[in-house]
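**Student:** Have a look at this one before I ask anything.
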Amino acid sequence: MRIERAFRCFTLCFFILFVAMLILMFVLGSEEPGTLNAKDDEIAQESFSKYESDSSMEPNIGDPIILWWTDGSDQPDEDRICGDVRCFITGNRSYMNNPLTKVFMFYGTTFTYEDLPLPRKPHHEWALLHDESPTNNFLFSFEEVMTLFNHTSTFKRESDYPLVTQFLKSSEWLTSTKHLLDVQEKNRFAEKLKLSPVMFTNSDCSTGSDRDGFVQLLMQHIPVDSYGLCLHNKDLPPNLRDPLENMLHEDFFRLVAKYKFAIAIENALCDDYVTEKFWRPLHVGTIPIVLGSPKIKDLLPSNRSAIIVDDYESVEDIANYIKYLHSHDEEYEKYFEWKKSGISNQYLLKLLKQRDWEFDYYTDDYTGMNFFEGFECFVCKRVHENLKRFKTGQEELKFHARLEHYGCPPPVKVDDKGQRTLESDIFMDMFTKQKYIAKALRYHIDRNLPVDGEQIEKIADEMIEHLRRNKKLI
34 MRIERAFRCF TLCFFILFVA MLILMFVLGS EEPGTLNAKD DEIAQESFSK YESDSSMEPN
94 IGDPIILWWT DGSDQPDEDR ICGDVRCFIT GNRSYMNNPL TKVFMFYGTT FTYEDLPLPR
154 KPHHEWALLH DESPTNNFLF SFEEVMTLFN HTSTFKRESD YPLVTQFLKS SEWLTSTKHL
214 LDVQEKNRFA EKLKLSPVMF TNSDCSTGSD RDGFVQLLMQ HIPVDSYGLC LHNKDLPPNL
274 RDPLENMLHE DFFRLVAKYK FAIAIENALC DDYVTEKFWR PLHVGTIPIV LGSPKIKDLL
334 PSNRSAIIVD DYESVEDIAN YIKYLHSHDE EYEKYFEWKK SGISNQYLLK LLKQRDWEFD
394 YYTDDYTGMN FFEGFECFVC KRVHENLKRF KTGQEELKFH ARLEHYGCPP PVKVDDKGQR
454 TLESDIFMDM FTKQKYIAKA LRYHIDRNLP VDGEQIEKIA DEMIEHLRRN KKLI
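Have a look at this one:
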């Protein structure tokens, strides 16, 4: 009996020690994110069986296959011609095991770690297109997830196929004077319509940038007309109350043009994440009050065209400068001299000139290639380049994404001066959870282990609890 009890005790201790070591391996990051380990392709073959190849389709395909694993392209199956090469683009998962399938494409917002093309074969490459903010998916803020990909297209200039100017139609659109009002006209509208100096339009009231927190502070120092659901104090005209359509409506452009200033704060503060909130006031002739990309000055049409929040020590200082411009018409109008002289920012002009996709955000009459199609062709050309190298005996090119292809900082909360010195009450727990989900996910994928969503979450929770107990959670 003693021997039996001792054996049971030994077995229990060994099990506890094993679990503790497993958690410790995750926490300490036993492996740096890098090239995938694909030696164990035989593991978890059951996950492949769900997507048996449809042999009836295969004889018609002689080109490399690019498979959209998650939606986002709205593209029917077709042969994509990209210059002198061609690829077959599909969203049909029955092609998962087809030997011609080279790349799996993912749209970031709908990327879920519970649904991945696993186990990953050595010749399978992954491509990420993510044009939206991390609020939609924090996983891409972590190296363990970003380095899973081989090809990237994001709003970051460092990505393989950058979308920095995704919301900017053209340089001509930006310099247009179609909606531009001179300062005397703005003053008359303000008096006639009882308009405040500053306009704010937003219906996403909970953000990782604490946008509403900043605007609330600004309202303590200067009047702000707040349309939309957040901090609402003024109604939009009835024809502009659809939140999806009003931002594109000509009447909305004319409304923004009547204001001297418009708040342009993004829902996340990532390098190069710049939306219509920034470009729209510049287009219509209103000064944007900008908080978003830390690199936003790289995209200004001229040095004097916007008020950058980070240039000021407090919200009160910003309000005082707005008041100064509001009461000094000549100084105010200097912010629109670039509308006549043209864009002086050569970097911005270069970005617009280099992109091979056509802007399609404000119009449906475009005839060119959108950036989804452009990225497909970018990846297709890379695939063909390596096929050519393989046939000629050359070393194939290796493509690896890096954290800076997307990685964004943690969500924040503003202090009583409007500075981002506090952690977000709402989003920080979510951000932390995703951080350790990323670690657990990478551990499984690198070893070609089956990925079970509940198990991954459980491991992440255990890691967080372990670190909290030891006061090491960061």
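Sequential numbering of the sequence shown, starting at 34, is according to this note's numbering.
Here a beta-carbon is modelled for each residue, glycine too, at the ideal position from N, C-alpha and C.
(1) Where does residue 160 sit, in a helix, a strand or coil, going by DSSP?
(2) Determine the DSSP secondary structure at residue 143, reduced to helix, strand or coil.
(3) With a threshold of 8 Å, are at least 3 pairs of Cβ atoms found where one atom belongs to the stretch 344-353 and the other to the stretch 277-296?
(4) For residue 243, which residues from the same chain have a beta carbon less than 7 Å from its beta carbon, with the 5 sequence-adjacent residues on both sides left out?
(5) Ordered along the chain, which non-local residues of its own chain (more than five positions away) have a Cβ less than 6 Å from that of residue 146?
(6) Taking the alpha-carbon positions, what's the residue 488 to residue 498 distance?
(7) Does the separation of the CB atoms of residue 439 and residue 95 fall below 9 Å?
(8) Which residues in the same chain as residue 436 place their Cβ atom closer than 6 Å to its Cβ, once the five residues preceding and following it in sequence are excluded?
(9) If you run the structure through DSSP and keep just helix, strand and coil, what is residue 181?
(10) When you compare each of 161, 500 and 128 to residue 433 by their alpha carbons, which one comes out closest?
(11) Taking all protein chains shown into account, do 16 or more other C-beta atoms lie within 10 angstroms of the C-beta of residue 199, making it buried, or fewer, making it exposed?
(12) Please state whether DSSP places residue 113 in a helix, a strand or coil.
(13) From residue 184 to residue 479, what distance separates their C-alpha atoms?
(14) Could you tell me whether the Cβ atoms of residue 128 and residue 411 are closer together than 9 Å?
(15) How would you write the range of the alpha helix (DSSP H) that residue 94 sits in, first residue to last?
(16) Terminal residues of the continuous beta strand (DSSP E) containing residue 257?
(17) Could you check the C-alpha separation between residue 148 and residue 233 for me, to the nearest Å?
(18) Among 494, 483 and 274, whose alpha-carbon lies nearest the alpha-carbon of residue 152?
(19) Would DSSP call residue 329 helix, strand or coil?
(20) Do residue 264 and residue 238 have their C-beta atoms within less than 9 Å of each other?
(21) Closest to residue 454 by C-alpha separation, out of 330, 246 and 427, would be which residue?
(22) Which residues bound the beta strand (DSSP E) around residue 376?
(23) Would you check if the distance between the CB atom of residue 291 and the CB atom of residue 365 is smaller than 9 Å?
(24) For residue 388, name the three-state secondary structure that DSSP assigns.
(25) What are the boundary residues of the alpha helix (DSSP H) that includes residue 413?
(26) Grab me the residues of residue 123's own chain with a C-beta within less than 6 Å of its C-beta, minus the 5 sequence neighbours each way, in chain order.
(27) Given a threshold of 16 other Cβ atoms within 10 Å of its Cβ, counted over all protein chains shown, does residue 386 qualify as buried or as exposed?
(28) How is the beta strand (DSSP E) around residue 301 delimited, first residue to last?
(29) Start and end of the alpha helix (DSSP H) containing residue 314?
(30) Classify residue 299: buried if its beta carbon has 16 or more other beta carbons within 10 angstroms, exposed otherwise.
(31) Got a sec? Which residues, its chain only, sit under 6 Å from residue 261 by beta carbon, not counting five neighbours each side?
(32) Identify which residue in 120, 403, 430 and 254 has its Cα closest to the Cα of residue 357.
(33) Which residue's Cα is closest to the Cα of residue 284: 212, 266, 334 and 388?
(34) Excluding the five sequence neighbours on either side, which residues of its own chain have a C-beta within less than 6 Å of the C-beta of residue 256, listed in chain order?
(35) Sort out for me which residues DSSP pairs residue 475 with in a bridge.
**Tutor:** Here's the rundown:
(1) In the sequence shown, counting from the first residue as 1, residue 160 sits at position 127. Reduced to three states, the DSSP call for residue 160 is strand.
(2) Looking up residue 143 in the sequence shown gives position 110. Three-state DSSP puts residue 143 in a helix.
(3) no
(4) For the purposes of this step, residue 243 is taken as residue 210 along the sequence shown, with counting starting at 1. Excluding residues within five positions, the ones whose Cβ falls inside 7 Å are 445, 446, 447 and 457.
(5) In the sequence shown, counting from the first residue as 1, residue 146 sits at position 113. Excluding residues within five positions, the ones whose Cβ falls inside 6 Å are 474.
(6) For the purposes of this step, residue 488 is taken as residue 455 along the sequence shown, with counting starting at 1. For the purposes of this step, residue 498 is taken as residue 465 along the sequence shown, with counting starting at 1. Going by the C-alpha atoms only, they are around 15 Å apart.
(7) On the sequence shown, residue 439 is found 406 positions in, with the first residue counted as 1. On the sequence shown, residue 95 is found 62 positions in, with the first residue counted as 1. Taking 9 Å as the Cβ cut-off, residue 439 and residue 95 do not qualify as a contacting pair.
(8) The residue you call residue 436 lines up with position 403 of the sequence shown. Counting only Cβ-Cβ distances below 6 Å, and skipping sequence neighbours, we find 176 and 179.
(9) Counting from one through the sequence shown, the residue named residue 181 turns up at place 148. Residue 181 falls in the coil class under three-state DSSP.
(10) By one-based count along the sequence shown, residue 433 stands at place 400. The candidate whose alpha carbon is nearest that of residue 433 is 161.
(11) Here residue 199 refers to the residue found at position 166 when the sequence shown is read from its first residue. Classification of residue 199: buried, given that the 10 Å Cβ count is 16 or more.
(12) Here residue 113 is taken as the residue at index 80 of the sequence shown, counted from 1. Correct three-state label for residue 113: strand.
(13) By 1-based counting over the sequence shown, the position of residue 184 is 151. By 1-based counting over the sequence shown, the position of residue 479 is 446. Approximately 18 Å between the Cα atoms of the pair.
(14) Start at 1 with the first residue of the sequence shown, and residue 128 comes out as number 95. Start at 1 with the first residue of the sequence shown, and residue 411 comes out as number 378. The answer is no: Cβ separation not under 9 Å.
(15) Taking the first residue of the sequence shown as 1, we reach residue 94 at position 61. It is not in any alpha helix (DSSP H) - residue 94 carries neither H nor E in the DSSP assignment.
(16) By 1-based counting over the sequence shown, the position of residue 257 is 224. Taken as a continuous stretch (DSSP letters only), the beta strand (DSSP E) holding residue 257 covers 257-260.
(17) The residue given as residue 148 occupies position 115 in the sequence shown. The residue given as residue 233 occupies position 200 in the sequence shown. Straight-line Cα distance between these residues: approximately 39 Å.
(18) Here residue 152 is taken as the residue at index 119 of the sequence shown, counted from 1. Per the Cα distances, 483.
(19) Counting from 1 along the sequence shown, the entry for residue 329 is found at position 296. Here residue 329 sits in helix by DSSP.
(20) For this step, residue 264 is matched to residue 231 along the sequence shown. For this step, residue 238 is matched to residue 205 along the sequence shown. In this structure, residue 238 lies closer than 9 Å to residue 264 by Cβ.
(21) The residue labelled residue 454 in the question sits at position 421 within the sequence shown. Checked all of 330, 246 and 427; the closest Cα to residue 454 is 246.
(22) Counted from its first residue, the sequence shown places residue 376 at position 343. Segment: none, residue 376 is in no beta strand (DSSP E) and carries neither H nor E.
(23) As a working mapping, residue 291 is identified with position 258 in the sequence shown. As a working mapping, residue 365 is identified with position 332 in the sequence shown. No, the Cβ-Cβ distance between residue 291 and residue 365 is not below 9 Å.
(24) Along the sequence shown, read from residue 1 onward, the residue named residue 388 stands at position 355. Of the three classes helix, strand and coil, the one that applies to residue 388 here is coil, per DSSP.
(25) Your numbering for residue 413 matches position 380 in the sequence shown. That run of the alpha helix (DSSP H) goes 404-424.
(26) The residue labelled residue 123 in the question sits at position 90 within the sequence shown. The residues are 100 and 110.
(27) The sequence position of residue 386 within the sequence shown is 353, counting from 1. Exposed is the call here.
(28) Here residue 301 refers to the residue found at position 268 when the sequence shown is read from its first residue. Per DSSP, residue 301 belongs to no beta strand (DSSP E) and is neither H nor E.
(29) Against the sequence shown, residue 314 aligns to sequence position 281. Here the alpha helix (DSSP H) through residue 314 covers 309-317.
(30) Here residue 299 refers to the residue found at position 266 of the sequence shown. Residue 299 comes out buried.
(31) Within the sequence shown, numbered from 1, the residue matching residue 261 stands at position 228. Within the same chain, residue 261 has close Cβ partners 234, 235 and 236.
(32) Taking the sequence shown and counting its residues from 1, one reaches residue 357 at position 324. Nearest option by C-alpha distance: 254.
(33) As a working mapping, residue 284 is identified with position 251 in the sequence shown. If we check each option's Cα against that of residue 284, 212 comes out closest.
(34) As a working mapping, residue 256 is identified with position 223 in the sequence shown. Cβ within range, chain order: 229.
(35) If you number the sequence shown from 1, residue 475 lands on position 442. Among the bridge pairs identified by DSSP, residue 475 is matched with none.
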